[in-house]
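> Mind having a look at this structure? Questions to follow.
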Amino acid sequence: MKTWSLAAAALLACGPAAAQFKSPDDAVEYRQGALAVMGHHFGRIGAMASGKAPFDAKAAQADADLVLTLSRLPWSAFVEGSDKGDTSAKPEVWSQPDKFKAASAKFQDAVVKLSATAAKATRADDLKAAFGATADTCKSCHDDFRKKH
Ligand code: HEC
Numbered sequence: 007m008k009t010w011s012l013a014a015a016a017l018l019a020c021g022p023a024a025a026q027f028k029s030p031d032d033a034v035e036y037r038q039g040a041l042a043v044m045g046h047h048f049g050r051i052g053a054m055a056s057g058k059a060p061f062d063a064k065a066a067q068a069d070a071d072l073v074l075t076l077s078r079l080p081w082s083a084f085v086e087g088s089d090k091g092d093t094s095a096k097p098e099v100w101s102q103p104d105k106f107k108a109a110s111a112k113f114q115d116a117v118v119k120l121s122a123t124a125a126k127a128t129r130a131d132d133l134k135a136a137f138g139a140t141a142d143t144c145k146s147c148h149d150d151f152r153k154k155h
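Okay, so the sequence shown: first residue is 7 according to this note's numbering, each after it adds one.
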């Protein structure tokens, strides 16, 4: 029985992304939650990089690790039908899926570099370039795919 339920869990995990959400609203909530928490930890790194917060190597690495983990989550939650409701996503997310995917891939590459940089940073200045490069990928995706408020 145990083997069976593990196999079922594996099948579910590999199933279409939409099947992982109860409804489109649920997917919107999920991705916004992931993006908000990611933005929070990314902001903490930015505060250190810009000298607004004291540099703390351990904290920088922990924040970068969280950003790395969270950076993988939002994209599978842009499911069909979740372009409506309480979302700031532009219709282009669904009409230009390849471009959206490329933007998320570029961003994830930048985050991998940021996390490698944070792992060996010994002062705030060490974080600056990798933080800035990552922030550029956030902005460029937001310019194309997120509605302005
Ligand atoms: C590939 C595109 C893309 C990238 C890269 C990206 N975002 Fe976003 N972001 C979006 C979209 C689209 C939304 C709107 C989501 C929605 O409302 O459904 C969003 C929304 C957000 C939100 C608002 C979440 C909420 O509470 O509703 C924050 C905060 C955010 N992004 C931060 C960031 C930060 C920080 C980065 C970079 C470290 C980043 N994003 C990178 C596309 C992206």
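Note that CB positions come from ideal geometry on N, CA and C, so glycine has one too.
Between the stretch 88–107 and the stretch 45–53, are three or more C-beta pairs nearer than 8 angstroms?
The answer is no - the stretch 45–53 does not touch the stretch 88–107, with fewer than three Cβ pairs under 8 angstroms.
> Who are the Cβ neighbours of residue 84 in its own chain at under 7 angstroms, not counting the five residues just before and after it?
Excluding residues within five positions, the ones whose Cβ falls inside 7 angstroms are 37, 95, 99.
> Taking the alpha-carbon of residue 80 as reference, which of 64, 154, 33, 59 has the nearest alpha-carbon?
Of 64, 154, 33, 59, the residue nearest in Cα terms is 33.
> Whose C-alpha, out of 69, 72, 86, 78, is nearest the C-alpha of residue 27?
Minimum Cα distance to residue 27 is reached at 86.
> Would you list the one or two residues that DSSP bridges to residue 95?
Partner(s): 152.
> Name the residue from 137, 153, 130, 140 whose alpha carbon lies nearest to the alpha carbon of residue 58.
The residue with the shortest Cα to Cα distance from residue 58 is 130.
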